[in-house]
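S.K.: Okay, handing you the structure first.
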Amino acid sequence: MQLPAPRGPLTDRLFAELVRPPHAFDPPPADPYGGPCSPSGGPSGDPCDPCDGSSGSEEDAQLALFVCYELHYQGFDGVDDRWEWNPSVLALRERLETWFEGWLARRVPRPPAPQPREVPRALAALVAADDGPSLSAYLRGRGDAAQFREFVVHRSIYQLKEADPHTWGIPRLLGRPKAALVEIQSDEYGGGRPERMHAELFRATMRGLGLDDSYGAYLGSVPGVTLAISNVMSLFGLHRHHRAALLGHLAAFEMTSSLPNRRYSQGLRRLGGDAGARRYYDEHVQADAVHEQIAVHDMCGAFAAQHPAMTGDILYGAACALTLDRLFAEHLLGRWREGRTSLWRADAEVTTR
Ligand SMILES: [Fe+2]
Ligand SMILES: [Fe+2]
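692 is the number of the first residue of the sequence shown in the numbering used here; add one for each residue after it.
Structure follows, in structure tokens:
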């Protein structure tokens, strides 16, 4: 994967350091505009709404954080792997994470902490109360081929490394919740058959749509709201103190997957997608109906019984997943309503293999 184009002073500085051999540098302030961002704008008047692809500081910060995290996954061409644990990068990442945790806190109200045995019911109530717009209903019935391709470009940022961020949780668990997470992840990784890995199924979807299926090919094409979806998983996965939120996040993912994936498959069929291109979505209709039960009861329920003080964190992680999905859907549908691209860099939209 190539480093993308910088989006502001933070990524400008970070990328300039990363292409050199690992060394110490003074990490820049994580908010280059000198104060907290808000939907109404930062101190400089810079618009900070993550749904506005033209905004400055949040785009810059989300991309900087994404690149810091990506050093723990596949890394970048021309960036030394030893940067992964470089103290200057970690110091910058910590500043970015503090900013991002505040960003989340302003957007995601903390649900009340349920009793441990009530966690499955509380998760179900949280999902049932979610009233965000339905991207899957739109793409099933009305979206055109260009919009479906854009949707897949956005999703490729996570789905080409599907399941990896939640895998960080495995060594942080013991007993029943650990076995449950491993059971889910084993399916995500194809149960020993590489061609059945969900990331590989998604590559087939991308090829079917004439898109570049190589890892991270569209990193420079997606806006901050798409990057935030991946960043929240890495934030929760890479910090032990967020492990309960990581489990709640995965549970919300699995609980809100089966029906939308059926609709995505129907939409793709309407647009002429063949069985190979649709297989990723078809696979998730069945698989995630099962994963939902494992995640809610065997993983979150059992973890709550082990850690009664952390039930609020489980719910908060689920709420973060739901909120980011809503912001993502609002961004895409809002841009399409205006007849505009939902991508950060529209010229990349038509890049094909
Ligand atoms: Fe999956
Ligand atoms: Fe799943």
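From the three backbone atoms N, C-alpha and C, an ideal C-beta is built for every residue, glycine too.
Just reading off the alpha helix (DSSP H) that Gln693 is part of, what are its end residues?
M.R.: No alpha helix (DSSP H) contains Gln693, which DSSP labels as neither H nor E.
S.K.: Cβ-heavy atom distance between Glu891 and ligand 2 below 8 Å?
M.R.: No, since every heavy atom of ligand 2 falls outside the 8 Å radius drawn around the Cβ of Glu891.
S.K.: Hey, would you say the C-beta of Glu1021 is under 8 Å away from at least one heavy atom of ligand 2?
M.R.: Checking every heavy atom of ligand 2 against the Cβ of Glu1021, none is found closer than 8 Å.
S.K.: Just how far apart, CA to CA, sit Ala919 and Arg961?
M.R.: Roughly 30 Å separates the two Cα atoms.
S.K.: Please return the same chain residues whose Cβ sits closer than 8 Å to the Cβ of Glu891, not counting the five positions on each side in sequence.
M.R.: These residues qualify, in order along the chain: Gly881 and Pro885.
S.K.: State yes or no: is the C-beta of His940 nearer than 8 Å to some heavy atom of ligand 1?
M.R.: Checking every heavy atom of ligand 1 against the Cβ of His940, none is found closer than 8 Å.
S.K.: Can you tell me whether Leu762 is helix, strand or coil according to DSSP?
M.R.: The answer is coil: DSSP assigns Leu762 none of H, G, I, E or B.
S.K.: Within the same chain, show all residues whose beta-carbon is closer than 7 Å to that of Thr917, passing over the 5 residues directly before and after it, in chain order.
M.R.: The answer, listed in chain order, is His845, Ile848 and Phe1019.
S.K.: Is it right to say Pro868 is buried, meaning 16 or more other beta carbons lie within 10 angstroms of its own, or is it exposed?
M.R.: By the 10 Å Cβ count, Pro868 comes out buried.
S.K.: Near Pro856, what residues of its chain come up, given a Cβ to Cβ distance below 6 Å and the 5 sequence neighbours on each side ignored?
M.R.: The answer, listed in chain order, is Met924, Ser925 and Gly928.
S.K.: In three-state terms, what does DSSP make of Gln634?
M.R.: There is no way to answer for residue 634, as the model of the chain reaches only from 692 to 1044.
S.K.: Using DSSP with H/G/I as helix, E/B as strand and the rest coil, what is Met888?
M.R.: In this structure, Met888 counts as coil in the three-state DSSP scheme.
S.K.: Taking only three categories from DSSP, how would you classify His940?
M.R.: Note: His940 maps to helix in three-state DSSP.
S.K.: Rounded to whole angstroms, how far is the Cβ of Ala1010 from the Cβ of Val799, which I believe are closer than 8 Å?
M.R.: Confirmed, about 5 Å.
S.K.: What does the Cβ neighbour count give for Glu749, buried or exposed, with the cut at 16 atoms within 10 Å?
M.R.: The residue in question, Glu749, is buried, as its Cβ has 16 or more Cβ neighbours within 10 Å.
S.K.: As a quick exercise: from Arg894, Asp822 and Glu708, pick the residue whose alpha carbon is nearest that of Asn777.
M.R.: Of the candidates Arg894, Asp822 and Glu708, the one whose C-alpha sits nearest the C-alpha of Asn777 is Glu708.
S.K.: So does the segment 952-969 actually touch the segment 935-943, counting three or more Cβ pairs closer than 8 Å?
M.R.: Result no; under three Cβ-Cβ pairs closer than 8 Å.
S.K.: Closer than 6 Å by C-beta to Arg894: which residues in its own chain qualify, once you throw out the five before and the five after it? Chain order, please.
M.R.: Correct list, in chain order: Asp904.
S.K.: Threshold first: 4 residues or longer. Then list the alpha helix (DSSP H) segments lying entirely within the segment 814-862, N to C.
M.R.: Counting whole runs of 4 or more residues, the segment 814-862 contains the alpha helix (DSSP H) stretches 826-832, 836-850 and 855-858.
S.K.: Beta carbon of Asp973: closer than 8 Å to some heavy atom of ligand 1?
M.R.: It does not: the Cβ of Asp973 is nowhere closer than 8 Å to a heavy atom of ligand 1.
S.K.: Would you mind giving the Cβ-Cβ distance between Pro805 and Thr947, rounded to the nearest angstrom? I have them listed as a contact below 8 Å.
M.R.: About 19 Å separates the two Cβ atoms, so there is no contact after all.
S.K.: Going along the chain, which residues of its own chain have a beta-carbon closer than 6 Å to the beta-carbon of Arg898, five neighbours each way excluded?
M.R.: Excluding positions up to five away in sequence, the list reads Asp904.
S.K.: For the 8 Å Cβ check, are there 3 or more pairs between the segment 905-914 and the segment 824-839?
M.R.: Cβ pair count under 8 Å is below three, so no.
S.K.: Under 8 Å by Cβ, that's how I've got Gly1008 and Gln753 pegged, so tell me the actual separation to the nearest angstrom.
M.R.: With 8 Å as the limit, Gly1008 and Gln753 do not qualify as a contact, their Cβ atoms being about 19 Å apart.
S.K.: Below 8 Å, is the gap between the Cβ of Ala1012 and the nearest heavy atom of ligand 1?
M.R.: False, no ligand heavy atom lies under 8 Å from that Cβ.
S.K.: Can you tell which of Gly992, Ser949 and Ala993 has the C-alpha that lies nearest to the C-alpha of Asp973?
M.R.: Asp973 has its Cα closest to that of Ser949, out of Gly992, Ser949 and Ala993.
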